[in-house]
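Asker: The sequence shown lines up with residues 290 to 660 when you count with the working numbering. Glycine included, every Cβ here is placed at the ideal spot set by N, Cα and C. Handing you a structure now.
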Amino acid sequence: MRKILIATALASSALAGSAYADDTGPYITIEGGAVAQRHVSISDGAGYEQTDAFKHGWEAGGAVGYDFGHFRLEAEAFHDNSVLKSQNRPTGTTPPNGYYDQSSGLYGRTRTNAIMGNVLLGLGHWGGVKVYAGGGAGYADTFLFDNLASSGIISGHDHGFAWQGIAGLTVPVSHSVDLGVKYRYFDPSGANQFGYSDGTTREGTLRSHSLLATLTFNFGSHAAPAPEVAAAPPPPPPPPPPPPPPPPPPPVAPVCNNGPYIVFFDWDKSAISPEAANILDSAIQAYGNCGTVPITLAGYTDSSGSVRYNLGLAARRDEAVQAYLTGHGIAATSISSHAYGKANQRVPTADGVRELQNRRVEITYGTGAGN
Numbered sequence: 290m291r292k293i294l295i296a297t298a299l300a301s302s303a304l305a306g307s308a309y310a311d312d313t314g315p316y317i318t319i320e321g322g323a324v325a326q327r328h329v330s331i332s333d334g335a336g337y338e339q340t341d342a343f344k345h346g347w348e349a350g351g352a353v354g355y356d357f358g359h360f361r362l363e364a365e366a367f368h369d370n371s372v373l374k375s376q377n378r379p380t381g382t383t384p385p386n387g388y389y390d391q392s393s394g395l396y397g398r399t400r401t402n403a404i405m406g407n408v409l410l411g412l413g414h415w416g417g418v419k420v421y422a423g424g425g426a427g428y429a430d431t432f433l434f435d436n437l438a439s440s441g442i443i444s445g446h447d448h449g450f451a452w453q454g455i456a457g458l459t460v461p462v463s464h465s466v467d468l469g470v471k472y473r474y475f476d477p478s479g480a481n482q483f484g485y486s487d488g489t490t491r492e493g494t495l496r497s498h499s500l501l502a503t504l505t506f507n508f509g510s511h512a513a514p515a516p517e518v519a520a521a522p523p524p525p526p527p528p529p530p531p532p533p534p535p536p537p538p539p540p541v542a543p544v545c546n547n548g549p550y551i552v553f554f555d556w557d558k559s560a561i562s563p564e565a566a567n568i569l570d571s572a573i574q575a576y577g578n579c580g581t582v583p584i585t586l587a588g589y590t591d592s593s594g595s596v597r598y599n600l601g602l603a604a605r606r607d608e609a610v611q612a613y614l615t616g617h618g619i620a621a622t623s624i625s626s627h628a629y630g631k632a633n634q635r636v637p638t639a640d641g642v643r644e645l646q647n648r649r650v651e652i653t654y655g656t657g658a659g660n
């Protein structure tokens, strides 16, 4: 399992810098890797007990779901298979007692088929790398075969409730494909009764840890590529020198330009971009003609995301602009801010649309500004 994790992480790191998969929409995941069954304590409830240990086995499965951006809902099915490695029967239990392995004639295996419903929450992303965790519940069909030549045989199926915990990360390899690594803790506690050769049953829960490589195909809409900017034509020859200018008019008193000055933000970001910094520098320079009039900041988002989340994002954008202004000598006491979220769209859109013109902060000067 360690080799699978290292190989997947190296492949993911090599691809992280250049590709980004879709944020929302339906998807299909294929997964496969190694499974490690925990030591299984098997008993009949009447003094008989044994502990089975298994070799690392294999697991394969898949999932179909929908990515809502900050969380995912999916239906998953998988199969795993492991071979019995050894068995330990403490002294004082039903004979035979002691430690047994394949050299002692021990043979056995286990397999599990499961159908699960999962809820996965996004924990954050760094560049293209996304980290998630969650859990699920569903139905499991388990099988255990345990044969020691000098003892009875455990062989049977059981089915019932199962639950699991999940964590993982994904890295996009294109606009529609993600490569990832996934950890699963699986507990089929409702499918733990297995038949014994004397007609009785033995109880043992086949809990397991899995480490899987995942390949996810996303079917969300793609953002249109940015148009290419044509090269500027060569400049025309310089005109002849103009005649001497007339005498300058008498100086005019400076006029306060109230704005609004509008700065735009990347999707789900509140950082000041170089373009936004240029606009803020112009606004700061213009404020020099306005004395100490009040400044109002109005923060907005586009229509993607929830109302509550967008109000917080708009407030963070207000804070970023205010920090820039105060960092350039404007007193914080002159500034007030309001977060409107996805209200008052500059470009009206349907809900869920990422429109750059709506991700903004508007800066206005003077009494009553921003109302």
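How many whole angstroms separate the CB atoms of VAL324 and THR340, which I take to be in contact at a CB cut-off of 8 Å?
Answerer: Start at 1 with the first residue of the sequence shown, and residue 324 comes out as number 35. Start at 1 with the first residue of the sequence shown, and residue 340 comes out as number 51. In fact, because the Cβ distance is near 18 Å, the residues do not count as touching under 8 Å.
Asker: Does the distance from the CB of HIS446 to the CB of ASP430 come in under 8 Å?
Answerer: Position 157 of the sequence shown, counted from the first residue, corresponds to residue 446. Position 141 of the sequence shown, counted from the first residue, corresponds to residue 430. Result yes, Cβ atoms of HIS446 and ASP430 sit closer than 8 Å.
Asker: Here's a check: name, in chain order, each residue in its chain whose Cβ is nearer than 6 Å to the Cβ of ILE355, leaving out the five neighbours to either side.
Answerer: To locate residue 355, count along the sequence shown from 1; it is residue 66. Position check: residue 355 holds Tyr in this sequence, whereas Ile was assumed. Result list for TYR355: PRO315 and LEU362, in chain order.
Asker: Express the C-alpha separation of ILE624 and LEU586 in angstroms, rounding to a whole number.
Answerer: Taking the first residue of the sequence shown as 1, we reach residue 586 at position 297. Taking the first residue of the sequence shown as 1, we reach residue 624 at position 335. Going from the Cα of LEU586 to the Cα of ILE624 covers about 7 Å.
Asker: On the DSSP bridge list, what partners appear for ARG491?
Answerer: Residue 491 sits at position 202 when you count from the first residue of the sequence shown. Beta-bridge pairing links ARG491 to PHE483.
Asker: Determine contact between the region 590-600 and the region 637-645, defined as no fewer than three beta-carbon pairs at a distance below 8 Å.
Answerer: Judged by Cβ distances under 8 Å, the region 590-600 makes contact with the region 637-645, as three or more pairs qualify.
Asker: For the alpha helix (DSSP H) that GLN574 lies in, which residues bound it at each end?
Answerer: As a working note, residue 574 is residue 285 in the sequence shown. Looking at the DSSP string, the run of the alpha helix (DSSP H) that includes GLN574 is 563-576.
Asker: For PHE554, which residues from the same chain have a beta carbon less than 8 Å from its beta carbon, with the 5 sequence-adjacent residues on both sides left out?
Answerer: Walking along the sequence shown from the start, residue 554 turns up at place 265. Taken in chain order, the residues that qualify are ALA560, SER562, ALA565, ARG606, ARG648, ARG649 and VAL650.
Asker: Tell me which residues share the same chain as THR653 and place their Cβ nearer than 7 Å to its Cβ, disregarding the 5 neighbours each side in the sequence.
Answerer: Here residue 653 corresponds to residue number 364 of the sequence shown, with the count starting at 1. The answer, listed in chain order, is ASN547, GLY548, PRO549, THR585 and GLY659.
Asker: Excluding the 5 residues preceding and the 5 following ASN599 in the sequence, name in chain order all residues of the same chain whose CB lies nearer than 7 Å to its CB.
Answerer: Here residue 599 corresponds to residue number 310 of the sequence shown, with the count starting at 1. Counting only Cβ-Cβ distances below 7 Å, and skipping sequence neighbours, we find THR590, GLY630 and LYS631.
Asker: Comparing alpha-carbon positions, which option in LEU504, GLY411 and GLY655 lies nearest VAL544?
Answerer: Numbered from 1 along the sequence shown, position 255 holds the residue referred to as residue 544. Taking only the C-alpha atoms, the option nearest VAL544 is GLY655.
Asker: Determine the burial state of GLY416: buried for a count of at least 16 other Cβ atoms within 10 Å of its Cβ, exposed for fewer.
Answerer: Sequence index remark: in the sequence shown, residue 416 carries index 127 (1-based). Exposed, since its Cβ has fewer than 16 Cβ neighbours within 10 Å.
Asker: According to DSSP, which residues form a beta bridge with ILE404?
Answerer: Mapped onto the sequence shown, residue 404 falls at position 115. Answer by DSSP bridge pairing, in chain order: ALA366 and TYR428.
Asker: Report the residue from ARG473, ASN507 and SER444 whose alpha carbon sits nearest the alpha carbon of THR489.
Answerer: In the sequence shown, the residue the question calls residue 489 occupies position 200. Comparing Cα-Cα distances from THR489 to each of ARG473, ASN507 and SER444, the minimum goes to SER444.
Asker: Is DSSP giving GLU608 helix, strand or coil here?
Answerer: Along the sequence shown, one-based indexing puts residue 608 at 319. In the structure shown, GLU608 sits in a helix (DSSP, three-state: H, G or I).
Asker: For GLY423, is the classification buried or exposed, using 16 other Cβ atoms within 10 angstroms of its Cβ as the cut-off for buried?
Answerer: As a working note, residue 423 is residue 134 in the sequence shown. Flag for GLY423 reads buried.
Asker: With DSSP as the reference, please indicate the residues paired to ARG649 in a beta bridge.
Answerer: Translated into the one-based positions of the sequence shown, residue 649 becomes position 360. Note: ARG649 sits in a beta bridge opposite PHE553.
Asker: When you compare only the Cα positions, how much space is there between VAL518 and GLY601?
Answerer: Counted from its first residue, the sequence shown places residue 518 at position 229. Counted from its first residue, the sequence shown places residue 601 at position 312. Roughly 35 Å between the two C-alpha positions.
Asker: Anyone know if the C-beta pair for LEU501 and GLU338 falls short of 8 Å?
Answerer: On the sequence shown, position 212 is the one that residue 501 refers to. On the sequence shown, position 49 is the one that residue 338 refers to. Contact flag unset, no.
Asker: Any idea which residues DSSP pairs THR340 with across the strands?
Answerer: The residue labelled residue 340 in the question sits at position 51 within the sequence shown. DSSP output for THR340 lists SER330 and ASN377 as bridge partner(s).
Asker: Buried or exposed for SER440, please, with buried defined as at least 16 other CB atoms from any protein chain shown within 10 angstroms of its CB.
Answerer: In the sequence shown, residue 440 corresponds to position 151, counting from 1. SER440 comes out buried.
Asker: Suppose the cutoff is 7 Å on Cβ atoms and the five residues either side in sequence are ignored; what does the same chain contact list for ALA342 look like?
Answerer: For the purposes of this step, residue 342 is identified with residue 53 of the sequence shown, where counting begins at 1. Cβ neighbours of ALA342 beyond the five flanking positions: HIS328, LYS374 and SER375.
Asker: Three-state secondary structure (DSSP) at SER302?
Answerer: Walking along the sequence shown from the start, residue 302 turns up at place 13. Bear in mind that a pLDDT of 40 at SER302, under 50, signals an unreliable position, so the model cannot answer this.
Asker: Residues in its own chain within less than 6 Å of ALA305 by CB, not counting five upstream and five downstream?
Answerer: Sequence index remark: in the sequence shown, residue 305 carries index 16 (1-based). A caution first: ALA305 carries a pLDDT of 39, below 50, which makes its placement in the model unreliable, though a value can still be read off. Excluding sequence neighbours, ALA305 sits near GLY416, GLY417, VAL418 and VAL460.
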